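Every position in the sequence shown, counted from 1, becomes a number in this note's numbering once 99 is added. Working notes, beginning with the structure itself.
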Amino acid sequence: MKPGKAAVKPEQASRQATSLPDYTVYTLSPVQKSLCILFSGVLFAMIGYLFYHQWILSLLCAAGALVTPRYFRQFLLQRRRSALGIQFKQALYSLSSSLSAGRSVENGFREAVEDLRLLSPDGDHDLIFEFNIITACLEIGQPVETALQDFARRAQMEDITNFADVFAACKRTGGDLVEVVRRASSVIGEKLEIQQEIGVMIAQKRFESRVMFAAPFLFVLFMTMTAGDYMMPLYSGTGMILSTFCLLVLGGCLVWINHIMKIEV
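The structure is reproduced here in structure tokens:
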């Protein structure tokens, strides 16, 4: 789960060094995990009963819900990382404006925190927490590039890593930080715009794929309700084998659809 996003005091920075969030993993809370298993278990049991009309086999299908937290955790992780990328772009725009106005790097990060709070009034914001850590490290004399590189190491995101590396090189060599931040924010902004355009382009196809995936289940449900006697052979002997094969094929189609819809920039 996300840590609290309260402002970090300087004396707390060193103590939190070993407990800072790792943005490559996501841990479900007991409530999230239980609800995920419960809802997916009910759904799988309904699908099992629809295809087999036997409660024992339906319960066996429901057991498949035990693996769903892994996929739910991956979904939440991707959503968190996507939000972090957008937040980082917004922070760079703010930092670029502050540096262009002649503020120091330290004051630039503080201003970025305030700007991010305006965009997220509740303060429940990963980057607000991270920038609070960076400003706290600055107050105890730790170089800003060290704090940035630690953040990049935990985030494992290309944009953040590249920015941290270039920022550190500029600090060592006396490069133009204003230009570096400006170009970084521009490149990341263009990348996010491309991702959004791709998302819009495939949104319709994603919807169509979900409708096509749901169609066989709706068709079986319709036939069961309107022509139960006609469907009875599917619930015994060879029919059950055929139903199992169809479920496996549908599962494979779902995996394939998710794979081809995953486009990275």
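Backbone N, C-alpha and C define an ideal beta-carbon position, used for all residues, glycine too. These numbers come from a predicted model, not from an experiment.
Q. Are the beta-carbon atoms of V212 and F230 separated by less than 7 Å?
A. yes
Q.
I want to know whether the stretch 273-284 touches the stretch 141-158 - three or more CB-CB distances under 8 Å.
A. no
Q | Under the three-state DSSP convention, the category G201 falls into | A | coil
Q. Any beta-carbon of chain D closer than 7 Å to the one on L333?
A. Absent here is chain D; the protein component of the structure consists of one chain.
Q: Classify Q153 as helix, strand or coil using the three-state DSSP reduction.
A: Assignment of Q153 by DSSP, reduced to helix, strand and coil, places it in the coil class.
Q | Which of helix, strand or coil DSSP assigns to L127 | A | Coil, per DSSP.
(Q) DSSP three-state label for H358, please. (A) helix
Q.
Using a 10 Å radius around the Cβ and a threshold of 16 neighbouring Cβ atoms, would you call V124 buried or exposed?
A. Classified as exposed, V124 has fewer than 16 neighbouring CB atoms from the shown chains inside 10 Å of its CB.
Q | Cβ neighbour criterion (16 or more within 10 Å) applied to F306 | A | Exposed, because fewer than 16 other Cβ atoms sit within 10 Å of the Cβ of F306.
**Q.** The alpha helix (DSSP H) enclosing V319, as first and last residue numbers
**A.** 276-325
**Q.** Closest residue to M360 among D121, L127, V299 (Cα-Cα distance)
**A.** V299
Q: Quick one: grab the DSSP three-state call for C186.
A: The sequence given here has Gln at residue 186, not Cys. Three-state result, Q186: helix.
Q) Got a sec, what are the start and stop residues for the alpha helix (DSSP H) D264 sits in? A) 257-272
Q. Can you give the Cα-Cα distance for M100 and A302, rounded to whole angstroms?
A. For M100, the pLDDT reaches just 42, beneath the cut-off of 50, and the residue's location in the model is therefore unreliable, although a value from the coordinates is still provided. If I take the Cα positions, the gap works out to 29 Å.
Q | Distance CB(S139)-CB(A164) smaller than 7 Å | A | yes
Q.
Using only CA atoms, which one of S181, P129, D328 lies nearest to P168?
A. P129
Q. Mapping DSSP to helix, strand and coil, what is L333?
A. helix
Q | Nonlocal neighbours in the same chain, by C-beta distance under 7 Å from L191, ignoring five residues either side | A | In the same chain as L191, and ignoring 5 residues on each side of it, the C-beta atoms closer than 7 Å to its own belong to V280, A283, S284, I287, in chain order.
Q) A235 and L247 look like a contact to me (Cβ under 8 Å); what is the Cβ gap, rounded to whole Å? A) With a Cβ gap of about 13 Å, A235 and L247 do not count as contacting.
Q: For I185, I'd like the list of residues in its chain whose CB is within less than 8 Å of its CB, leaving aside the five on either flank, ordered along the chain.
A: L291
Q) For the alpha helix (DSSP H) that V243 lies in, which residues bound it at each end? A) 243-254
Q. Measuring CA to CA, which of L137, D225, L194, F150 is closest to R179?
A. D225
Q: Can you have a look at I232 and say buried or exposed, based on whether 16 or more other CB atoms are within 10 angstroms of its CB?
A: With 16 or more other Cβ atoms within 10 Å, it is buried.
**Q.** Cβ-Cβ distance between F187 and I259 below 7 Å
**A.** yes
Q: Check whether the Cβ atoms of S197 and E205 lie closer than 7 Å to each other.
A: no
Q: Give the straight-line distance between the Cα atoms of L347 and C269, rounded to the nearest whole angstrom.
A: 55 Å
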